[in-house]
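Chemist: Below is the structure I would like to discuss, written out as structure tokens.
Chains as they are written, first to last, in the numbering used here: chain A, 1 to 406; chain B, 1001 to 1074.
Given below as structure tokens:
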């Protein structure tokens, strides 16, 4: 659109405040062609819901089917590494369409039902308590470093059945995998290091679980290999999918949510009145107001018309959760952070057949963290107002979130 | 013939994931708006219907015994 002064989603302004830019697109050109990155930008709530529910029109096999190069651009010397990433990511079950997607999802879904994920709550409570105990006397922490980053890794390591002494190593790998959503030109190196490290680490665990299945997630995937649904490479990359999909997203929920509370003292006061009772709806509002994932990509499987525009086969299509969650046609006072909001049909977890498998776990982690913070550190404040975000189009990720309560 | 079931779907919660249709295709179908609808509460076995309810990723499905009102899920 010519009247958007700079049609670039990676400028520091748009990274710092995506809501103004995507909000304007939502009003003026809701199905927008971005020339610079050659992709469609879809920003309205109803369009997003329609698109995610028409999986036959929009392929999730993005890494296999995207004919265009990586964006933002990567170092030319790293093109070989990008092929490695495409092959690695492309084998994850979420990067498949029906019917394969359904067969793969059936293997893992039992592990992720709301009921089975709810059973992780006591583990999450204990982990939150330990992490907060460790910082209590200091009177300050970096929410990112001390709470939001380690918590999901503790949970995922337990799900994978990783022995205690190996957990710091898994955390190192997890931090390298985070480069998947970043914009730096040299991001392929640390990312592929993390991917190769994961394959190397997980391979012997899979060998072992094929023979001696246990109750952990790797055993579930190994069982899929025995049934002929997964290849060995798919078992390996889907193990790291757990770390990829469950880590950054949860970090962002915990950090962005904590920040929203600090910036809205009235809502923080409301949660403090009843932390146990209020945490559930409050977590939903955190997911809506400053969603952990900003956008997700598909590839058009055929020519599709949306709002008078023709999306051509093989075009990139990105749907923006952060904009749909602020759509005034869906939410009253969409830019207001209101922890009692109900109903709250945000699309933070997507919709349709690819709706987030781990949603219940993310909710449990959010609820337990916000509740514990409200109970234990009611006086939290920012160390300084200036905060920086990672240059990512996919994730709404703070770089750090230093706070204090004494 | 098993007992009669009453199945409810919360359309504020349903995200059109279609897991219900996968587990109990004769009981559930997505409508034009891709929201789950109960087309026949006795179209599949109680076991399949409960499996569909348990596996709904957003827990939008409630199942009751139609005669006694006993809640079977959640």
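The C-beta atom is built at its ideal place from N, Cα and C for all residues, glycine as well.
(1) The stretch 92 to 104 of chain A: which residues have C-beta closer than 8 Å to a C-beta of chain B, in chain order?
(2) Relative to the alpha-carbon of residue 209(A), which residue among 67(A), 198(A) and 222(A) has its alpha-carbon at the smallest distance?
(3) Look at the Cβ atom of residue 287(A), then the Cβ atom of residue 278(A), and state whether they are nearer than 7 Å.
(4) Could you list which residues in chain B have their beta carbon closer than 9 Å to that of residue 352(A), in chain order?
(5) Taking C-alpha atoms, which residue in 292(A), 56(A) and 115(A) lies nearest to residue 1060(B)?
(6) Which residues share a DSSP beta bridge with residue 34(A)?
(7) Where does residue 408(A) sit, in a helix, a strand or coil, going by DSSP?
(8) Is it buried or exposed, residue 372(A), if we count other Cβ atoms within 10 angstroms and call 16 or more buried?
(9) Three or more beta-carbon pairs under 8 Å between the stretch 225 to 242 of chain A and the stretch 125 to 132 of chain A, yes or no?
(10) Would the C-beta of residue 28(A) count as close to the ligand SAM, meaning under 6 Å from any of its heavy atoms?
(11) I need the boundaries of the alpha helix (DSSP H) containing residue 159(A), first residue and last residue.
(12) Whole angstroms is fine: what's the gap from residue 299(A)'s alpha carbon to residue 176(A)'s?
(13) Check residue 3(A) in the structure and name its three-state DSSP category.
(14) Using only the alpha-carbon positions, how far apart do residue 82(A) and residue 186(A) sit?
(15) Measuring CA to CA, which of 92(A), 382(A) and 391(A) is closest to residue 13(A)?
(16) Residue 1057(B) versus chain A: which residues are under 9 Å apart at the beta carbon?
(17) I want to know whether the stretch 333 to 351 of chain A touches the stretch 85 to 102 of chain A - three or more CB-CB distances under 8 Å.
(18) For the stretch 267 to 351 of chain A, list the alpha helix (DSSP H) runs that are entirely contained and at least 4 residues long, ordered along the chain.
(19) Which full runs of the alpha helix (DSSP H) of 4+ residues lie inside the stretch 87 to 154 of chain A, going along the chain?
(20) Look up residue 1005(B) in the DSSP assignment and give the residues it is bridged to.
(21) Apart from the five residues on each side of it in sequence, which residues of its chain come closer than 6 Å, Cβ to Cβ, to residue 261(A)?
(22) Determine, using beta carbons only, whether residue 53(A) comes closer than 7 Å to chain E.
(23) Note down, in chain order, every chain A residue with its Cβ under 7 Å from the Cβ of residue 1012(B).
(24) Using alpha carbons as the reference points, say which of 23(A), 179(A) and 146(A) lies closest to residue 395(A).
(25) Would you mind sorting residue 228(A) into buried or exposed? The rule is 16 or more other CB atoms within 10 Å of its CB.
(26) Closer than 8 Å, Cβ to any Cβ of chain A: which residues of the stretch 1059 to 1070 of chain B, in chain order?
(27) Just tell me which of 350(A), 346(A) and 334(A) has its CA closest to the CA of residue 296(A).
(28) Measure the alpha-carbon distance for residue 378(A) versus residue 405(A) and round it to whole angstroms.
(29) Using only alpha-carbon positions, find the residue among 27(A), 36(A), 32(A) and 29(A) that is nearest to residue 11(A).
(30) Where do the ends of the beta strand (DSSP E) carrying residue 1072(B) lie?
(31) Return the first residue and the last residue of the alpha helix (DSSP H) that residue 387(A) is part of.
(32) Classify residue 219(A) as helix, strand or coil using the three-state DSSP reduction.
(33) Residues in the same chain with beta-carbon distance under 7 Å from residue 282(A), minus the five sequence neighbours each way, listed in chain order, please.
(34) For residue 89(A) and residue 242(A), I'd like the C-alpha separation in whole angstroms.
Modeler: Reading from the atomic positions:
(1) Result list: 102.
(2) Mapped onto the first chain, residue 209(A) falls at position 209. The candidate whose alpha carbon is nearest that of residue 209(A) is 222(A).
(3) In the first chain, the residue the question calls residue 287(A) occupies position 287. In the first chain, the residue the question calls residue 278(A) occupies position 278. No. Outside cutoff.
(4) Residue 352(A) sits at position 352 when you count from the first residue of the first chain. Residues of chain B passing the Cβ test: 1015, 1016, 1017, 1018 and 1034.
(5) For the purposes of this step, residue 1060(B) is identified with residue 60 of the second chain, where counting begins at 1. Restricting attention to 292(A), 56(A) and 115(A), the CA atom closest to the CA of residue 1060(B) is found in 115(A).
(6) Locating residue 34(A) in the first chain gives position 34, counting from the first residue. Beta-bridge analysis with DSSP links residue 34(A) to 39(A).
(7) Past the edges of chain A, shown from 1 to 406, lies residue 408(A), and the structure says nothing about it.
(8) On the first chain, residue 372(A) is found 372 positions in, with the first residue counted as 1. Residue environment: residue 372(A) is assigned as buried (16 or more neighbouring CB atoms within 10 Å of its CB, all protein chains considered).
(9) The stretch 225 to 242 of chain A, when compared against the stretch 125 to 132 of chain A, does not touch it at the 8 Å Cβ threshold.
(10) This structure simply doesn't include the ligand SAM, nor any ligand for that matter.
(11) Position 159 of the first chain holds residue 159(A). Run containing residue 159(A): 150 to 160, per the alpha helix (DSSP H) assignment.
(12) Numbered from 1 along the first chain, position 299 holds the residue referred to as residue 299(A). Numbered from 1 along the first chain, position 176 holds the residue referred to as residue 176(A). Note on geometry: alpha-carbon atoms of residue 299(A) and residue 176(A) lie some 26 Å from one another.
(13) Numbered from 1 along the first chain, position 3 holds the residue referred to as residue 3(A). Low confidence applies here, because residue 3(A) scores a pLDDT of 49, under 50, leaving its location unreliable; read the following figure in that light. In the displayed model, residue 3(A) falls within coil according to three-state DSSP, outside both helix and strand.
(14) Walking along the first chain from the start, residue 82(A) turns up at place 82. Walking along the first chain from the start, residue 186(A) turns up at place 186. Spanning the two alpha carbons is a distance of roughly 11 Å.
(15) The residue you call residue 13(A) lines up with position 13 of the first chain. Of 92(A), 382(A) and 391(A), the smallest CA-CA separation from residue 13(A) is found for 391(A).
(16) Start at 1 with the first residue of the second chain, and residue 1057(B) comes out as number 57. Here the neighbours are 109, 112, 113, 114, 349, 355, 356, 357, 359 and 360.
(17) At 8 Å Cβ cutoff, the stretches do not touch.
(18) Counting whole runs of 4 or more residues, the stretch 267 to 351 of chain A contains the alpha helix (DSSP H) stretches 275 to 289 and 321 to 324.
(19) As for any alpha helix (DSSP H) of minimum length 4 sitting wholly inside the stretch 87 to 154 of chain A, the runs are 100 to 109, 114 to 118 and 121 to 136, ordered along the chain.
(20) Along the second chain, read from residue 1 onward, the residue named residue 1005(B) stands at position 5. Answer is 1065(B), bridged to residue 1005(B).
(21) As a first step, residue 261(A) must be located in the first chain, where it is residue number 261. Apart from sequence neighbours up to five positions away, the residues of its chain that approach residue 261(A) with a beta-carbon distance below 6 Å are 268, ordered along the chain.
(22) Among the protein chains of the structure shown, namely A and B, there is no chain E.
(23) Looking up residue 1012(B) in the second chain gives position 12. Per Cβ cutoff of 7 Å: 343 and 345.
(24) Locating residue 395(A) in the first chain gives position 395, counting from the first residue. With respect to the C-alpha of residue 395(A), the residue from 23(A), 179(A) and 146(A) having the closest C-alpha is 179(A).
(25) Position 228 of the first chain, counting from 1, holds the residue named residue 228(A). By the beta-carbon neighbour count (other beta carbons within 10 angstroms, threshold 16), residue 228(A) is exposed.
(26) Going along the stretch 1059 to 1070 of chain B in chain order, one finds 1059 with a Cβ nearer than 8 Å to chain A.
(27) As a first step, residue 296(A) is located in the first chain; it is residue number 296 there, counting from the start. Ranked by how close their Cα comes to the Cα of residue 296(A), the residues 350(A), 346(A) and 334(A) have 350(A) in first place.
(28) Translated into positions along the first chain, residue 378(A) becomes position 378. Translated into positions along the first chain, residue 405(A) becomes position 405. The alpha-carbon atoms of residue 378(A) and residue 405(A) are separated by roughly 7 Å.
(29) Locating residue 11(A) in the first chain gives position 11, where the first residue counts as 1. Minimum Cα distance to residue 11(A) is reached at 36(A).
(30) By 1-based counting over the second chain, the position of residue 1072(B) is 72. In the DSSP assignment, residue 1072(B) falls within the unbroken beta strand (DSSP E) covering 1071 to 1073.
(31) Along the first chain, one-based indexing puts residue 387(A) at 387. Per DSSP, residue 387(A) belongs to no alpha helix (DSSP H) and is neither H nor E.
(32) Mapped onto the first chain, residue 219(A) falls at position 219. Residue 219(A) carries a helical assignment under DSSP once its states are collapsed to helix, strand and coil.
(33) Locating residue 282(A) in the first chain gives position 282, where the first residue counts as 1. Here the set comprises 271, 339 and 370.
(34) Counted from its first residue, the first chain places residue 89(A) at position 89. Counted from its first residue, the first chain places residue 242(A) at position 242. If you draw a straight line from the Cα of residue 89(A) to the Cα of residue 242(A), it comes to about 12 Å.
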